[in-house]
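If you want the numbering used here, it's the position in the sequence shown, counting the first as 1, plus 12.
For every residue, glycine included, the Cβ atom is placed at its ideal position computed from N, Cα and C.
Keep in mind the model is a prediction, meaning the values are calculated, not measured.
First comes the structure, then the notes that go with it.
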Amino acid sequence: MLLWPPVNVRSVLSANARGRRARDFAYLLRRWKTAPSERERRHAGLTLLGLAAEVLVPGYIVTEDLKRWFEDNSFLEDLRQLGDEDRRSADRKFLLRELLKLVANLPGDTAEAGVFEGASSWLICDFLGGTGKTHYAIDSFEGLSSPTPIDGSYWRAGDLASSERIVHSRLEPFGAVLCKGWIPEAFTHLPETQFCFVHIDVDLYQPTLDSMEYFYPRMVTGGVVVCDDFGFTSCPGARQAVTEYMQRRPEPVLHHPTGQGIVVKR
Ligand SMILES: C[S@@+](CC[C@H](N)C(=O)[O-])C[C@H]1O[C@@H](n2cnc3c(N)ncnc32)[C@H](O)[C@@H]1O
Numbered sequence: 013m014l015l016w017p018p019v020n021v022r023s024v025l026s027a028n029a030r031g032r033r034a035r036d037f038a039y040l041l042r043r044w045k046t047a048p049s050e051r052e053r054r055h056a057g058l059t060l061l062g063l064a065a066e067v068l069v070p071g072y073i074v075t076e077d078l079k080r081w082f083e084d085n086s087f088l089e090d091l092r093q094l095g096d097e098d099r100r101s102a103d104r105k106f107l108l109r110e111l112l113k114l115v116a117n118l119p120g121d122t123a124e125a126g127v128f129e130g131a132s133s134w135l136i137c138d139f140l141g142g143t144g145k146t147h148y149a150i151d152s153f154e155g156l157s158s159p160t161p162i163d164g165s166y167w168r169a170g171d172l173a174s175s176e177r178i179v180h181s182r183l184e185p186f187g188a189v190l191c192k193g194w195i196p197e198a199f200t201h202l203p204e205t206q207f208c209f210v211h212i213d214v215d216l217y218q219p220t221l222d223s224m225e226y227f228y229p230r231m232v233t234g235g236v237v238v239c240d241d242f243g244f245t246s247c248p249g250a251r252q253a254v255t256e257y258m259q260r261r262p263e264p265v266l267h268h269p270t271g272q273g274i275v276v277k278r
């Protein structure tokens with residue numbers, strides 16, 4: 013991490029003793045308050061965040077500042093439309109939107125398995141508006157199905173239940189098709205079509221595997237599948253399902269630092 017003027021960040025970050033950490037914190041706070049320029053203030057602020065994270069959320073990595081997407085006004089406007097609660101997943105939303113550039117000129121429709129309140133589906137529909145694609149949004153609207161031992165202990169059946177009405181009002185202007193039901197039974201209500209972009213976000217092993225099995229053979233060449241849960245320790249089953257399914261396929265799964273797993277169909 014850069015700090016200007018230079019301080020021995022390694023010694024600051026590895027300090028174990030509480031008193032030492034408190035002194036480091038106080039020192040950096042002073043530096044943050046009295047920084048003569050915005051650049052130094054941000055550097056001190058980010059180092060403070062790193063120290064706070066070490067105590068409050070051990071293992072959490074505070075990454076770099078000054079990324080251009082933090083200032084991408086059209087994306088920030090999208091986030092505002094979706095509500096502030098989506099800021100924490102802003103990096104994933106941003107990447108999702110970027111990936112849509114790969115498929116805008118491909119044939120095929122789009123789908124999301126696991127819609128919750130429709131934020132990602134809204135981004136997909138908004139970005140691809142005018143391309144003539146139909147978006148299919150599939151969810152139980154009763155939350156997660158029952159986790160099995162492979163899913164670990166983070167999730168409970170019924171978590172993340174949402175309102176079909178909210179999703180309907182968000183997606184209705186785009187002519188999206190809502191498909192209410194449990195995966196995989198819900199897929200039987202979809203028309204036979206091809207897909208250029210599918211977002212799988214159901215957190216658990218079985219519905220993730222069911223989604224891969226349904227959608228992957230229906231992807232057009234160059235089509236993109238994003239598994240939102242692939243890189244999260246809270247969703248070991250989802251990772252297992254994608255890994256297992258893709259083991260039999262030539263395409264690699266790209267594990268993005270946002271936590272998403274991305275596959276481009278050859
Ligand atoms: C993490 S949320 C989806 C978030 C959404 N993709 C977004 O970006 O805002 C997971 C969703 O998966 C749905 N879900 C989980 N298991 C399901 C299953 N077996 N059948 C149908 N829906 C399921 C839940 O109802 C929940 O809405």
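With a threshold of 8 Å, establish whether the CB of residue i neighbours any heavy atom of ligand 1.
i	result
Ser-132	yes
Glu-154	yes
His-211	yes
Asp-121	no
Leu-172	yes
Leu-107	no
Ser-101	yes
Ser-246	no
Pro-70	no
Ser-157	yes
Phe-37	no
Phe-4	No statement about residue 4 is possible, as the shown extent of the chain runs from 13 to 278 and does not include it.
Ile-178	no
Could you tell me the alpha carbon to alpha carbon distance between residue i and residue j, rounded to whole angstroms?
i	j	result
Gly-249	Gly-95	29 Å
Lys-277	Phe-186	26 Å
Leu-11	Ala-65	Since the displayed the chain opens at 13 and closes at 278, residue 11 lies outside it and no answer follows.
Ser-181	Ser-165	33 Å
Gly-167	Cys-208	It is Trp, not Gly, that sits at residue 167 in the sequence shown. Looking at the two C-alpha atoms, the distance is approximately 30 Å.
Gly-57	Trp-44	6 Å
Leu-108	Arg-260	25 Å
Pro-264	Arg-42	48 Å
Gly-31	Asp-138	51 Å
Glu-76	Leu-135	25 Å
Arg-53	Thr-46	8 Å
Ser-49	Leu-78	15 Å
Glu-83	Arg-35	34 Å
Val-237	Ser-101	18 Å
Leu-63	His-55	13 Å
Ser-86	Arg-251	32 Å
Pro-229	Trp-194	20 Å
Trp-16	Leu-111	Residue confidence is low: Trp-16 scores 46 on pLDDT, short of 50, so the model does not pin down where it sits. Its coordinate-derived value is still stated next. One C-alpha to the other measures close to 35 Å.
Pro-18	Gly-235	In this prediction, Pro-18 has a pLDDT of 49, which is less than 50 and means its spatial position is unreliable; what the coordinates show is noted afterwards. Taking the straight line joining both Cα atoms gives about 47 Å.
Met-13	Asp-103	Reliability of the predicted coordinates at Met-13 is poor, the pLDDT of 35 falling under 50, and the value obtained from them is presented with this limitation in mind. If I take the Cα positions, the gap works out to 20 Å.
Thr-220	Ile-73	28 Å
Val-275	Trp-81	23 Å
Ala-131	Arg-99	11 Å
Ala-169	Pro-262	34 Å
Return no unless some Cβ of chain C is closer than 9 Å to the Cβ of residue i.
i	result
Pro-219	Structure shown: chain C not included; a single protein chain is present.
Quick one, are the C-beta atoms of residue i and residue j less than 9 Å apart?
i	j	result
Thr-143	Gln-218	no
Leu-91	Lys-105	yes
Leu-140	Val-179	no
Ser-174	Val-210	no
Asp-213	Phe-199	no
Met-258	Met-231	no
Leu-40	Leu-68	no
Tyr-226	Pro-196	yes
Cys-239	Leu-216	no
Tyr-242	Val-254	It is worth fixing the name first, because residue 242 is Phe in this sequence and not Tyr. Cβ atoms of Phe-242 and Val-254: closer than 9 Å.
Ser-133	Leu-202	no
Gln-206	Pro-269	no
Asp-163	Lys-145	no
Would you say residue i touches ligand 2, meaning its beta carbon is less than 8 Å from a heavy atom?
i	result
Val-115	Ligands displayed in this structure: ligand 1; ligand 2 is not among them.
On the three-pair Cβ rule with 8 Å, is the segment 147-159 touching the segment 180-197?
-> yes
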